[in-house]
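There are 2 protein chains.
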Amino acid sequence: MALKPRTATQLDVANLAKVSTATVSRVLNHSSAISPNVKARVLTAIDELGYIRDAGARALAMQRSGTLGAIIPTLNNAIFAEGINAFERTAQELGYTLILSVSQQNLDHEHDLVIKMIERGVDGLLLVGNRHNDAVYRRLDQTGVRYVCTWAHDAKSLSANVGFDNRQAMHAVVDHLFGLGHRQIAMLAGQSLDNDRAMDRITGVRERLESKGLSLPANRVIEVPYSVAESRKAFTAVTQKPVTALICGNDVIAYGALLEAQKQGVDVPGDLSITGFDDLSLSAELSPALTTVQVGAEPMGELAAKKLIYAVDNQLDVESALLQTELVVRETTARVSIQAFNVLR
Amino acid sequence: MALKPRTATQLDVANLAKVSTATVSRVLNHSSAISPNVKARVLTAIDELGYIRDAGARALAMQRSGTLGAIIPTLNNAIFAEGINAFERTAQELGYTLILSVSQQNLDHEHDLVIKMIERGVDGLLLVGNRHNDAVYRRLDQTGVRYVCTWAHDAKSLSANVGFDNRQAMHAVVDHLFGLGHRQIAMLAGQSLDNDRAMDRITGVRERLESKGLSLPANRVIEVPYSVAESRKAFTAVTQKPVTALICGNDVIAYGALLEAQKQGVDVPGDLSITGFDDLSLSAELSPALTTVQVGAEPMGELAAKKLIYAVDNQLDVESALLQTELVVRETTARVSIQAFNVLR
DNA sequence: CTGAAAGCGCTAACAA
DNA sequence: TTGTTAGCGCTTTCAG
């Protein structure tokens, strides 16, 4: 069966049921009252022909596709996968279909994908972060496609945000470590190029340290890809100077730091405290269990879908929502010890 | 801006450029030779109006959407996320857009999603596994939508398969453990309901054990959801009887077993050998590093996209491909010790 | 090389 | 309650 057979159309159904196509459309859409008799005939005809309607033609006529787009940096990061999983599930429940594209963390590429999404006629679009090419905003405004930026929340943003405040979340981390007596703090951050969330996390750490009279000099922060292996490689360099606490850009990076510390015989949290960000499900299971920031990717994905669809369905602007993060203190952070872990180890 | 502004159409471009819509279509599709002068006028008009074409209308006219569908059990499993990430990337590179739906591991739900995919006019469809409702196969044949079943390979399957042999992969695991002297083997499997891959892995273990004169009685295999926490809970029960080796349905389950063993003071691999399945990137980093089966989700996703698109573009049947899995022996498996780990621990 | 016109499958007035 | 008739925005013969 290499040739695409011509499938039944509404017209075929109409002919078989001896009604007009308009009537078929009506029973399919429950749009107006239909006599039981006619309705039954139509339903039978549909069944008999195995008719499946053409959503594309429908969208063309209705000027509404029933699809939502989502453009994310990568799927190879459990936290994005979890958020999109929830977004898709919610969209599905509310009658929408998901079109998904991955930008590979490249904003120019993201722009091209936005155009493609508009071509596809998505009714709403999910984007990650608050940093996008100007052309993206221009196109979105021009076409009136509603969109929501997630994984971040900036009160000053002109776009709708359903997300959390990355900087503030890091403030809580710094406060926690400071309260435990840590003064020698370094950071293993995510790569900030084209990534405002990673940037905000660095900024959050830095500004909070400075507000306490400390600092985060450039040589105390190393940026790495979100990967355990890469994180391990950078661990030694970032702990070269005396360091009692290491703040990681996300949980995956923290796993790398923790595993490498253990391999090098550095006691966590005795010699070194480590924190993560995301609270992946594994983080609670490790030993020592990881102190981290819970971001709630699942509720975020769900809420983003709801807000977006509500706006689309009611022709309103998308509403923002600020989600709260929570510092989850577990076993990788402890009061700084007398003989702090240092370069002499 | 709550109202969707009317956006420029091909007709607007045509008017501004003083040509016919057919010409606009031609320059957009590079379909036939155009005089440089006319082409320039069209391009200018497009730019001036910020024209973006309507893929839906295009699909209706061409009877081809340029989209690929994918229906997967869940995204909350790194291995699926990785496979889909590769599938999407490849589709994108070849000019296709991905429509993604999650079936939540429910075959009836999957059927509904297949119908929706057909409504959307996908040119090709990716499915996971070889077990689907009869109606799914019927609809797919009826409409002529090409599809490929992944994450499994069965030479007897009537559908195209791009995947690996789950049973055979487990044979290698059993052989490995047997070679190390293990005779008391139990299994912490994935849930086999609506999941032929999980089922095949159990079958693979069982048939290989039996071929060696051993057995896998029902009380030696416990099925658990793919979650570290759930796996930990089941660990004690499955190791109740004397057991020297534990085969896990995937890496996540193996993580749970490993962590719980460590917590209970069971030495791995001294007292108990543990194996996983998938070879997630973390598996190589743990200590002890996990012995597992590498399945290559990334090349599989890529190949599935290529095979599917090739078939669509050339009106051919989709070709199957059998991918090889590889047993990666690391540190969680070892020769069975004299005083085997047993119920007396 | 370019234009005119038909039509992809559906919905939405407007009539009846 | 039902049918008729325009399109929705695009591609594609067929002429010229």
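Those sequence lines, one after another, are chains A and B. According to my numbering, the first sequence is numbered sequentially starting from 98. According to my numbering, the second sequence is numbered sequentially starting from 98. We treat Cβ as the ideally placed atom computed from N, Cα and C, and that holds for glycine. Bear in mind that the values here come from a model prediction, so they are computed numbers and not experimental data.
Classification of H127(A) by the beta-carbon crowding that lies within 10 angstroms, buried from 16 upward: One-based indexing of the first sequence puts residue 127(A) at position 30. Flag for H127(A) reads exposed.
By how many angstroms is the C-alpha of V415(A) removed from the C-alpha of M98(B)? For the purposes of this step, residue 98(B) is taken as residue 1 along the second sequence, with counting starting at 1. For the purposes of this step, residue 415(A) is taken as residue 318 along the first sequence, with counting starting at 1. Note that M98(B) scores 34 on pLDDT, short of 50, meaning its location in the model is unreliable; the coordinates nonetheless yield the value given after this. Distance between the alpha carbons of M98(B) and V415(A) is about 10 angstroms.
Sequence-distant residues of its chain with Cβ nearer than 7 angstroms to G147(A) (five each side left out): By one-based count along the first sequence, residue 147(A) stands at place 50. A105, listed in sequence order.
Cβ neighbours of I280(B) in the same chain (closer than 8 angstroms, five flanking residues each side left out): Here the question's residue 280(B) lines up with position 183 in the second sequence. It should be noted that the sequence gives Arg, not Ile, for residue 280(B). Excluding positions up to five away in sequence, the list reads L311, T341, V433.
CB-CB length for L285(B) against A354(B), believed under 8 angstroms: Counting from 1 along the second sequence, the entry for residue 285(B) is found at position 188. Counting from 1 along the second sequence, the entry for residue 354(B) is found at position 257. The pair is a contact, with the Cβ atoms about 6 angstroms apart (cut-off 8 angstroms).
Are the CB atoms of A111(B) and E216(A) nearer to each other than 7 angstroms? Position 14 of the second sequence, counting from 1, holds the residue named residue 111(B). Position 119 of the first sequence, counting from 1, holds the residue named residue 216(A). Not a contact, by the Cβ cut-off of 7 angstroms.
Please confirm whether V409(B) has its beta-carbon closer than 7 angstroms to some beta-carbon of chain A. The residue given as residue 409(B) occupies position 312 in the second sequence. Taking Cβ atoms only, chain A never reaches closer than 7 angstroms to V409(B), which makes this a no.
Proximal chain A residues relative to S378(B), where beta-carbon distance stays under 8 angstroms: Start at 1 with the first residue of the second sequence, and residue 378(B) comes out as number 281. Per Cβ cutoff of 8 angstroms: S324, V325, A326.
E190(B) classed as buried or exposed, judged by whether at least 16 other C-beta atoms fall within 10 angstroms: If you number the second sequence from 1, residue 190(B) lands on position 93. Looking at its Cβ environment, which holds fewer than 16 other Cβ atoms inside 10 Å, E190(B) is exposed.
Consult DSSP for A252(A) and reduce its assignment to one of helix, strand or coil. As a first step, residue 252(A) is located in the first sequence; it is residue number 155 there, counting from the start. DSSP places A252(A) in coil when its eight states are reduced to three.
Residues of chain A with CB under 7 angstroms from N173(B), in chain order? As a position in the second sequence, residue 173(B) is number 76, starting the count at 1. Chain A residues near N173(B): A178, E179, N182.
Check whether the Cβ atoms of L369(B) and S380(B) lie closer than 7 angstroms to each other. Residue numbering aside, residue 369(B) sits at position 272 when the second sequence is read from its first letter. Residue numbering aside, residue 380(B) sits at position 283 when the second sequence is read from its first letter. No, they are not a contact pair.
Any beta strand (DSSP E) of 3 or more consecutive residues that is wholly inside the stretch 140-185 of chain A: If we require 3 residues or more, the beta strand (DSSP E) runs fully inside the stretch 140-185 of chain A come out as 164-169.
Residue environment, C408(B), which counts as buried when at least 16 other CB atoms sit within 10 Å: In the second sequence, residue 408(B) corresponds to position 311, counting from 1. The question names Cys, yet the displayed sequence has Ala at residue 408(B). Label assigned to A408(B): buried.
According to the Cβ coordinates, are L277(B) and V245(B) closer than 7 angstroms? Your numbering for residue 277(B) matches position 180 in the second sequence. Your numbering for residue 245(B) matches position 148 in the second sequence. No. Outside cutoff.
Status (buried if at least 16 other CB within 10 Å, exposed otherwise) for N134(A): Start at 1 with the first residue of the first sequence, and residue 134(A) comes out as number 37. Answer is exposed; the Cβ neighbour count stays below 16.
S157(B) touches chain A at which residues, Cβ-Cβ below 7 angstroms? Reading the second sequence from its first residue, position 60 is the one you call residue 157(B). Before going further, note that residue 157(B) is Leu rather than Ser in the sequence given. Within chain A, the residues near L157(B) are G153, A154, L157.
Which same chain residues end up closer than 8 angstroms to D291(A) when comparing Cβ atoms and leaving out the 5 residues on each side of it in sequence? Position 194 of the first sequence holds residue 291(A). Same-chain partners within the cutoff: Q202, N203, L204, R228.
Would you kindly work out how many angstroms separate the C-alpha atoms of C345(B) and R243(A), rounded to a whole number? Residue numbering aside, residue 345(B) sits at position 248 when the second sequence is read from its first letter. Residue numbering aside, residue 243(A) sits at position 146 when the first sequence is read from its first letter. Distance between the alpha carbons of C345(B) and R243(A): 45 angstroms.
Using a Cβ-Cβ cut-off of less than 7 angstroms, give me the residues of the stretch 227-251 of chain A that come near chain B, in sequence order. D238, Q239, T240, G241
Along the alpha helix (DSSP H) that carries G301(B), what are the first and last residues, could you check? Numbered from 1 along the second sequence, position 204 holds the residue referred to as residue 301(B). Note, G301(B): alpha helix (DSSP H), 293-308.
Where the alpha helix (DSSP H) through A269(A) begins and ends: Counting from 1 along the first sequence, the entry for residue 269(A) is found at position 172. Here the alpha helix (DSSP H) through A269(A) covers 263-276.
Is it right to say Q107(A) is buried, meaning 16 or more other beta carbons lie within 10 angstroms of its own, or is it exposed? Here the question's residue 107(A) lines up with position 10 in the first sequence. Q107(A) is buried by the Cβ-count criterion.
Would you call G192(B) buried or exposed, if buried means 16 or more other Cβ atoms sit within 10 Å of its Cβ? The sequence position of residue 192(B) within the second sequence is 95, counting from 1. With fewer than 16 Cβ atoms within 10 Å of its Cβ, G192(B) is classed as exposed.
7 angstroms Cβ cutoff, R103(A) in contact with chain B: On the first sequence, position 6 is the one that residue 103(A) refers to. Under the 7 angstroms criterion on CB atoms, R103(A) is classed as non-interfacial with respect to chain B.
According to DSSP, D375(A) sits in a beta bridge with which residue or residues? Residue mapping note: residue 375(A) aligns to position 278 of the first sequence, counting from 1. Bridge partners of D375(A): Q391(A).
Using only the alpha-carbon positions, how far apart do G163(A) and G226(B) sit? For the purposes of this step, residue 163(A) is taken as the residue at position 66 of the first sequence. For the purposes of this step, residue 226(B) is taken as the residue at position 129 of the second sequence. Roughly 28 angstroms between the two C-alpha positions.
Is DSSP giving N316(A) helix, strand or coil here? In the first sequence, the residue the question calls residue 316(A) occupies position 219. In the structure shown, N316(A) sits in a helix (DSSP, three-state: H, G or I).
Does I215(A) come within less than 7 angstroms of chain B when only Cβ atoms are used? As a position in the first sequence, residue 215(A) is number 118, starting the count at 1. Closer than 7 angstroms to some Cβ of chain B, the Cβ of I215(A) qualifies, so yes.
Could you work out which residues of chain A lie near Y352(B), taking near to mean beta carbons separated by less than 8 angstroms? Along the second sequence, read from residue 1 onward, the residue named residue 352(B) stands at position 255. Those are L379, E382, listed as they occur along chain A.
Buried or exposed for N263(B), going by 16 or more other Cβ atoms inside 10 Å? Position 166 of the second sequence holds residue 263(B). By the 10 Å Cβ count, N263(B) comes out buried.
Buried or exposed, going by whether 16 or more other CB atoms sit within 10 Å of the CB of D231(B)? For the purposes of this step, residue 231(B) is taken as the residue at position 134 of the second sequence. Per the 10 Å Cβ criterion, exposed.
Where G398(A) meets chain B, residues with beta-carbon distance less than 8 angstroms: By 1-based counting over the first sequence, the position of residue 398(A) is 301. Here the premise fails: no neighbours, minimum Cβ distance about 10 angstroms.
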